[in-house]
Amino acid sequence: MRDFDGERPTEYYQAFADQVGCASNTSESIFDCLASADMKTLQNANAWVTASAGFGQRAFVPVTDGSLIQERPSQQLLRGDVNGVRVLSGNNGNEGVVFVPQNITSETAFRDSIRRTYRDLSDQNMTSILNLYAVPPDSSGVYADSDGVTPPFSTTNSNWAVGWQQAADNLYAETTIVCPSYWLADAYAKGDKSEGSWKYQFSVPASLHGADVYPLITDPTVQGTGMNEVFRTSFQRIWGNFVVNGDPTLTTAQIASPAGNLTLDAAQIASPEGDDVSAAGAGHWLQWGETDGLHAMLNLNMTGGMPVTQSMNFDGSDIAVTSYVESTNGSWPPLEVSLHVVDAWSWEGGRGKRCQLWAELGAWAFV
606 MRDFDGERPT
616 EYYQAFADQV
626 GCASNTSESI
636 FDCLASADMK
646 TLQNANAWVT
656 ASAGFGQRAF
666 VPVTDGSLIQ
676 ERPSQQLLRG
686 DVNGVRVLSG
696 NNGNEGVVFV
706 PQNITSETAF
716 RDSIRRTYRD
726 LSDQNMTSIL
736 NLYAVPPDSS
746 GVYADSDGVT
756 PPFSTTNSNW
766 AVGWQQAADN
776 LYAETTIVCP
786 SYWLADAYAK
796 GDKSEGSWKY
806 QFSVPASLHG
816 ADVYPLITDP
826 TVQGTGMNEV
836 FRTSFQRIWG
846 NFVVNGDPTL
856 TTAQIASPAG
866 NLTLDAAQIA
876 SPEGDDVSAA
886 GAGHWLQWGE
896 TDGLHAMLNL
906 NMTGGMPVTQ
916 SMNFDGSDIA
926 VTSYVESTNG
936 SWPPLEVSLH
946 VVDAWSWEGG
956 RGKRCQLWAE
966 LGAWAFV
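Each residue of the sequence shown is one higher than the last, beginning at 606 in the working numbering.
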């Protein structure tokens, strides 16, 4: 996030004014000229300037102005300087894919990609980044999402990419979405008004940016995707509990009947049936920072199912992406919910340390 009058925002503002025809207008200020321009002209100018920002980028993004937005997120959030009292912070497993050019095959191309996005980084900054993001020569070439706990991690492998391409996808995901979600959890865990901070990751393949919205807003009984009714219902209950009660953890009754009637007798509650969602319950899914050094995160995933491979085109590249659906003839294991509480700091080969680096580089990377 840059200052409103910084170099890059000023460049885009001037380009926008030029496209509208206001840059050379001497009879009134540029702003007054823009305010009086017709809507069609403004829309066309906005489209032109936005397209010039580069693949996956936007020209007009939030900036710091010293008033409404006073500091960069990496500054303000890590101090716990927030107005709210609780947060449920989440990210998806493959956030960066749609924002990064899919033609990065070498360390040189990886460096160039970073330079295009964060052009104020110094050579020393780049060295620090490569120390954590460099791809080992013997890295795996298997297209598969990481389980977050054992290698290969998302730093080198995913359902979408491997090697330097995946390193670039993951770096962008962490700098733009994932690390800020960590900082949000930090802020609400340490804030003066804090009453709760919880963190989760949505990892159901293919877990692209925004993929967690669909199971939240659709009927839980919808079939044909990699999530069964239990997963959808439990995920909706997590958010519903947070909104209504200020605590996302599942109740005993919700765990015992993860997709059914919540009016249960004592025996049914004591012996729940079906998929196990107990990891999302109180006492298992602890608050972020509940004790010193604790970075508890609920990983939401599925196991089993029949693999289905689909070819998708990104930036001119065809990518074979595997997702999972319920088997039609019973020849594959059934889709089952897989919820686990993990340590977010060591997750994906040390994501906490990488987020710490980006907090330190905030002045150069504008995060």
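Ideal placement from N, C-alpha and C gives every residue a C-beta, glycine not left out.
Do residue j and residue i come within 9 Å of each other at the CB atom, strictly closer than that value?
i    : j    : result
M606 : V666 : yes
D880 : V835 : yes
T761 : V767 : yes
A794 : G909 : no
V946 : E800 : no
L693 : W844 : yes
P912 : A864 : no
V882 : S951 : no
R811 : N699 : For the record, residue 811 in the displayed sequence is Ala; it is not Arg. Their beta carbons are under 9 Å apart, which means A811 touches N699 by this criterion.
K798 : V687 : yes
S733 : L962 : yes
T830 : S928 : yes
S786 : G695 : yes
L966 : L673 : no
A884 : P853 : no
E772 : I709 : Correcting the residue type first, residue 772 is Ala in the shown sequence and not Glu. Closer than 9 Å, so yes.
Can you grab the Cα-Cα spacing for the pair residue i / residue j, in whole Å?
i    : j    : result
M917 : Q707 : 12 Å
D870 : A858 : Confidence in D870 is poor, its pLDDT being 48 and thus under 50, which makes the residue's placement too unreliable to answer from.
A968 : T781 : 14 Å
Q841 : I822 : 8 Å
L813 : V703 : 8 Å
A749 : M902 : 22 Å
Q675 : T669 : 5 Å
D774 : I635 : 38 Å
G921 : Q915 : 16 Å
A964 : T933 : 48 Å
S711 : D717 : 10 Å
D948 : G957 : 9 Å
L940 : A652 : 43 Å
Q624 : W788 : 38 Å
N846 : S632 : 57 Å
M568 : A650 : Since the first residue shown for the chain is 606 and the last is 972, residue 568 is missing from the structure and cannot be characterised.
G671 : A620 : 24 Å
N630 : T646 : 15 Å
A861 : E953 : 31 Å
V848 : A642 : 42 Å
F971 : S679 : 9 Å
E616 : F919 : 28 Å
W769 : S657 : 25 Å
G661 : T722 : 10 Å
Y805 : F609 : 32 Å
R613 : C960 : 24 Å
G955 : Y819 : 29 Å
A622 : Q648 : 12 Å
P756 : D817 : 25 Å
Would you mind working out which of the options sits nearest residue i, comparing C-alpha positions?
i    : options                : result
G659 : R724, G611, G695, F609 : R724
G888 : T856, P820, Y787       : T856
P741 : N833, F758, Y929, L639 : F758
I719 : E800, L693, A778       : A778
E931 : F919, S786, N833       : N833
N697 : F807, D923, L776       : F807
R663 : W950, Y618, D752, Q771 : Y618
S751 : W844, W890, N904, F621 : N904
P938 : P678, M907, F919, D610 : M907
Q892 : A792, T615, T722       : A792
Y738 : F715, V747, T830       : F715
G626 : E953, T615, C638       : C638
G851 : I924, I860, W803       : W803
A925 : R721, L683, W765       : W765
L683 : E895, G701, T615, C784 : C784
R837 : L944, D608, R721, Q648 : L944
A790 : E895, E612, R677, Q648 : E895
G815 : G701, Q729, W890, P756 : G701
Have a look at the DSSP bridge pairing and note the partners of residue i.
i    : result
Y929 : P912
D948 : A901
V602 : No statement about residue 602 is possible, as the shown extent of the chain runs from 606 to 972 and does not include it.
N934 : Note: N934 sits in no beta bridge, so no partner.
D608 : T669
M644 : DSSP lists no partner for M644.
F919 : S922
4 or more residues per run - each alpha helix (DSSP H) lying fully within the region 677-755
678-681, 712-722, 728-738
Could you tell me which whole beta strand (DSSP E) segments of length 3 or greater appear in the region 763-818?
801-807
What ranges does the alpha helix (DSSP H) occupy inside the region 833-908, keeping only unbroken runs of at least 4 residues that lie completely in it?
834-850, 857-861, 871-875
Quick check for students: name the residue ranges of the alpha helix (DSSP H) that lie wholly in the region 615-663, counting only runs of 4 or more.
635-641, 644-656
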